[in-house]
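Peer 1: In the numbering used here, the protein residues as written are 992 to 1181.
Please see the structure below; I have some questions.
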């Protein structure tokens, strides 16, 4: 009987190579060899935090919201404009005690109206300037901002331009002329 015996086991499971450790199931552990581990220091630059120049800041978003708020305030009016209007109206009433009727109307009604137009126009101009700066900074290739910042900034520009147009129309008395004193029928023609 010629039977050949081998020293190797007849088990067909994968046997670990020399220097490899085995897991509990008997399979070789490929990570156990320290020479074959990947170098994480080389690949960590790709996964790490982005450079500080490209990180978004809250300043453009805040400036866009402030610009939109100023644009809206230029359309609806502000506490400052109301206060200055009432002050001009009071000083106009004090000055109107003596003077012609046309001067009284101009000082009581015209000056407060133009003061409100001036204040609203300044708010609108501030809105356009702030939103314009935000939009110019968003166009730079270094900073890539959030899309909502650009949208809010464009809205602020639109509100500011509309506010400027309304303030200019108020200042030029396009919406309404100052009241005029009608000629009295009792005045003799001269």
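Glycine residues also receive a C-beta, built at the ideal position from the N, C-alpha and C atoms.
Using DSSP with H/G/I as helix, E/B as strand and the rest coil, what is residue 1079?
Peer 2: As a working note, residue 1079 is residue 88 in the chain shown. If DSSP states are grouped into helix, strand and coil, residue 1079 belongs with the helices.
Peer 1: According to DSSP, is residue 1068 part of a helix, a strand, or is it coil?
Peer 2: Counting from one through the chain shown, the residue named residue 1068 turns up at place 77. The answer is coil: DSSP assigns residue 1068 none of H, G, I, E or B.
Peer 1: Residue 1087 and residue 1150 - do their beta-carbons sit closer together than 8 Å?
Peer 2: To locate residue 1150, count along the chain shown from 1; it is residue 159. To locate residue 1087, count along the chain shown from 1; it is residue 96. Taking 8 Å as the Cβ cut-off, residue 1150 and residue 1087 do not qualify as a contacting pair.
Peer 1: Does the beta-carbon of residue 1114 have 16 or more other beta-carbons within 10 angstroms, so that it is buried, or is it exposed?
Peer 2: Residue mapping note: residue 1114 aligns to position 123 of the chain shown, counting from 1. Buried, because 16 or more other Cβ atoms sit within 10 Å of the Cβ of residue 1114.
Peer 1: How many Å lie between residue 1056 and residue 1125 at the Cα?
Peer 2: Within the chain shown, the letter at position 65 stands for residue 1056. Within the chain shown, the letter at position 134 stands for residue 1125. Each residue's alpha carbon lies about 10 Å from the other.
Peer 1: Just how far apart, CA to CA, sit residue 1141 and residue 1054?
Peer 2: Within the chain shown, residue 1141 is the residue found at index 150, counting from 1. Within the chain shown, residue 1054 is the residue found at index 63, counting from 1. Rounded to the nearest angstrom, the two C-alpha atoms are 11 Å apart.
Peer 1: Between residue 1122 and residue 1148, is the Cβ-Cβ spacing less than 8 Å?
Peer 2: Counting from one through the chain shown, the residue named residue 1122 turns up at place 131. Counting from one through the chain shown, the residue named residue 1148 turns up at place 157. Result yes, Cβ atoms of residue 1122 and residue 1148 sit closer than 8 Å.
Peer 1: Should the stretch 1149-1169 be called in touch with the stretch 1093-1113, which here means at least 3 C-beta pairs below 8 Å?
Peer 2: Segments in contact, yes.
Peer 1: Where residue 1130 and residue 1137 are concerned, what is the direct C-alpha to C-alpha distance, given to the nearest angstrom?
Peer 2: As a working mapping, residue 1130 is identified with position 139 in the chain shown. As a working mapping, residue 1137 is identified with position 146 in the chain shown. Rounded to whole angstroms, residue 1130 to residue 1137 spans 12 Å at the Cα level.
Peer 1: Mark residue 1070 as exposed unless 16 or more other C-beta atoms lie within 10 angstroms of its C-beta, in which case mark it buried.
Peer 2: The residue you call residue 1070 lines up with position 79 of the chain shown. By the 10 Å Cβ count, residue 1070 comes out exposed.
Peer 1: Examine chain E for any beta-carbon lying closer than 8 Å to the beta-carbon of residue 1125, and answer yes or no.
Peer 2: The structure shown has no chain E; it contains just one protein chain.
Peer 1: Taking only the alpha-carbon atoms, compute the straight-line gap between residue 1169 and residue 1158 and give it to the nearest angstrom.
Peer 2: Position 178 of the chain shown, counted from the start, is the residue given in the question as residue 1169. Position 167 of the chain shown, counted from the start, is the residue given in the question as residue 1158. About 16 Å.
Peer 1: Residue 1088 lies in the alpha helix (DSSP H); which residues open and close that run?
Peer 2: Locating residue 1088 in the chain shown gives position 97, where the first residue counts as 1. Careful: residue 1088 lies outside any alpha helix (DSSP H) and carries neither H nor E.
Peer 1: Could you please give the first and the last residue of the uninterrupted alpha helix (DSSP H) stretch that includes residue 1103?
Peer 2: Sequence index remark: in the chain shown, residue 1103 carries index 112 (1-based). 1102-1130 is the span of the alpha helix (DSSP H), which, as asked, contains residue 1103.
Peer 1: How many whole angstroms separate the CB atoms of residue 942 and residue 1118, which I take to be in contact at a CB cut-off of 8 Å?
Peer 2: Only positions 992 to 1181 of the chain appear in this structure, which leaves residue 942 out of reach.
Peer 1: Inspect the beta-carbon positions of residue 1085 and residue 1172 and report whether they are closer than 8 Å.
Peer 2: If you number the chain shown from 1, residue 1085 lands on position 94. If you number the chain shown from 1, residue 1172 lands on position 181. It is not a contact, given that the beta carbons lie outside the stated cut-off.
Peer 1: Considering just the uninterrupted stretch of the alpha helix (DSSP H) at residue 1189, what are its terminal residues?
Peer 2: The structure shown does not extend to residue 1189, since the chain is modelled only from 992 through 1181, so no value can be given for it.
Peer 1: Given a cut-off of 8 Å on the beta-carbon distance, is the pair residue 1083 and residue 1051 in contact?
Peer 2: Locating residue 1083 in the chain shown gives position 92, counting from the first residue. Locating residue 1051 in the chain shown gives position 60, counting from the first residue. No, the pair does not count as a contact, with Cβ atoms beyond the cut-off.
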